[in-house]
Amino acid sequence: MDSFVSPLLLEKDPDMLTEFIVFQDKIEDATAKAAVLPRAAALPICLWPTQRARKILEGRLGRLLADVWKYGDGDDKSREVFGPWMKTYISEKATPELAAEHLIGLVFAAHKNPSIGASQCLCFLRNDISEKQQALATEEARKLHTQIQSASSENKTVVAALLEAKTLRSCVLETSRVTAHTLGALRYAEQSLEVQAATTANPSTKRSLVIQQGETIAVAHHTTHMEPSLWGKDASNFSLDRPEWKDDNAKLGLAVPVDQYKFTSFSNGVHKCPGERVALAMMEMMLGLLLLRDAKFVGEIPQISFERATLAQRAGPCAFRLKR
């Protein structure tokens with residue numbers, strides 16, 4: 022909120038951040054429950070109350086944005102308090118109401134998923150890879166911290182440092198693969214389409230399946246990420262040694278170095294998440310910071326859980342200690 026929108030928002034309304042967090046949890050809860058309820062029950066019990074809560078939050082945020090925007094009417098110095106999202110809203114002549122509606126979606130994605138992803142990275146790193154790889158990741162974290170601290174304002178320098186920390190980056194990419202949403206993308210068939218589908222009894226046997234025009238198809242990202250024909254026999258295991266993560270592919274920069282229809286954590290096509298590179302950078306830097314603080318878990322790490330409507334979380338709390 023401070024960096025991408027404006028620090029003035031939370032200065033003027035400090036409670037807004039708490040309201041965002043509470044509302045985001047409501048969205049998760051409502052989405053997960055609505056997915057398993059009949060539509061007639063899901064609407065009044067889960068979706069309509071969440072919609073009303075969103076409208077209230079949108080109104081509050083819209084009024085706050087309108088109040089903050091007047092600071093952009095002055096000289097260039099006054100505009101320094103605006104982040105890139107705020108500047109874009111103003112340049113596109115969006116209304117405060119429309120900006121508020123859009124911003125709630127952006128903040129949901131920008132806050133929830135990278136923070137969950139970074140926490141999961143630590144769980145997998147401490148629980149699912151060798152001590153040698155853990156030590157290498159820690160050493161990369163130290164080097165990354167030094168490079169970023171001394172980096173110039175040019176993004177290329179920071180990006181190069183993130184790409185150079187290959188163990189940290191592989192951990193982030195692999196975590197994103199194995200914790201991908203089970204409630205995935207929804208796609209509408211504009212015309213009928215025939216596809217070849219494998220049978221459950223014998224995966225090597227194909228049969229024709231017709232998707233009719235007007236049907237809605239739900240893509241479960243996690244299912245395709247566990248598919249051996251795409252990711253190898255060990256597809257269900259967490260591994261930093263996958264050939265997919267060994268590609269340097271400097272042209273992609275921080276983007277995922279895999280075909281977007283094979284790796285779909287950030288969706289694909291025209292609906293692909295615009296925050297992919299930012300999210301991967303946030304996750305890698307957060308993981309590095311946790312390692313620099315020598316983060317160690319207290320007790321057993323609970324099993325992975327897909328009950329919430331976000332990236333996979335854990336079946337119970339994960340307690341860990343940090344160096345001050």
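Everything in the sequence shown is counted per our numbering, starting at 22 for the first residue and increasing by one. Where a beta carbon is used, it is the ideal one built from N, C-alpha and C, also for glycine. No experiment lies behind these values; they were computed from the predicted model shown.
* Unbroken stretches of the beta strand (DSSP E), 3 residues or longer, contained in the segment 216-295 -> Counting whole runs of 3 or more residues, the segment 216-295 contains the beta strand (DSSP E) stretches 227-232 and 237-240.
* Is A206 helix, strand or coil by DSSP? -> Taking the first residue of the sequence shown as 1, we reach residue 206 at position 185. Looking at A206 - three-state DSSP - the assignment turns out to be strand.
* Around the Cβ of V279, are there at least 16 other Cβ atoms within 10 angstroms (buried) or fewer (exposed)? -> To locate residue 279, count along the sequence shown from 1; it is residue 258. By the neighbour-count rule (16 or more Cβ atoms within 10 Å), V279 is buried.
* Quick one: grab the DSSP three-state call for S140. => If you number the sequence shown from 1, residue 140 lands on position 119. Three-state result, S140: helix.
* To do: Tell me whether the beta-carbon of M305 lies closer than 7 Å to the beta-carbon of V180.
  => On the sequence shown, position 284 is the one that residue 305 refers to. On the sequence shown, position 159 is the one that residue 180 refers to. Sequence inspection shows Glu at residue 305; the Met mentioned does not correspond to that position. Their beta carbons are not under 7 Å apart, which means E305 does not touch V180 by this criterion.
* Asked: Would the beta-carbon of I150 fall within 7 Å of that of L301?
  -> Locating residue 150 in the sequence shown gives position 129, where the first residue counts as 1. Locating residue 301 in the sequence shown gives position 280, where the first residue counts as 1. Going by C-beta atoms, I150 is not nearer than 7 Å to L301.
* Identity of the residue in H243, T196, E32 and E328 nearest S136 by Cα -> Mapped onto the sequence shown, residue 136 falls at position 115. In terms of CA proximity to S136, T196 leads the group H243, T196, E32 and E328.
* **Residues near P105 by beta carbon distance below 8 Å, same chain, minus five either side** => As a working note, residue 105 is residue 84 in the sequence shown. F25, listed in sequence order.
* **Continuous alpha helix (DSSP H) assignments of at least 4 residues falling wholly in the segment 112-169** => Listed in chain order, they are 117-149.
* Asked: Between which two residues does the alpha helix (DSSP H) carrying L301 extend?
  -> Working through the sequence shown from its first residue, we reach residue 301 at position 280. Its alpha helix (DSSP H) spans residues E297 to L313.
* Bridge-paired residues (DSSP) for S326 -> Within the sequence shown, the letter at position 305 stands for residue 326. Under DSSP, the beta-bridge partners assigned to S326 are Q334.
* Asked: When DSSP labels each residue in this structure, what does K317 get in the three-state scheme?
  -> For this step, residue 317 is matched to residue 296 along the sequence shown. K317: strand per DSSP, three-state reduction.
* Short Cβ contact (7 Å threshold) for G83 with P117 -> On the sequence shown, position 62 is the one that residue 83 refers to. On the sequence shown, position 96 is the one that residue 117 refers to. A contact, by the Cβ cut-off of 7 Å.
* To do: Whole angstroms is fine: what's the gap from L273's alpha carbon to A62's?
  => Counted from its first residue, the sequence shown places residue 273 at position 252. Counted from its first residue, the sequence shown places residue 62 at position 41. Between L273 and A62, the C-alpha separation is close to 45 Å.
* Asked: Taking 7 Å as the CB-CB limit, is A340 close to chain D?
  -> Of the chains in the structure shown, none is chain D; there is only one protein chain.
* Does the beta-carbon of I42 have 16 or more other beta-carbons within 10 angstroms, so that it is buried, or is it exposed? -> By one-based count along the sequence shown, residue 42 stands at place 21. Its Cβ having fewer than 16 others within 10 Å, I42 is exposed.
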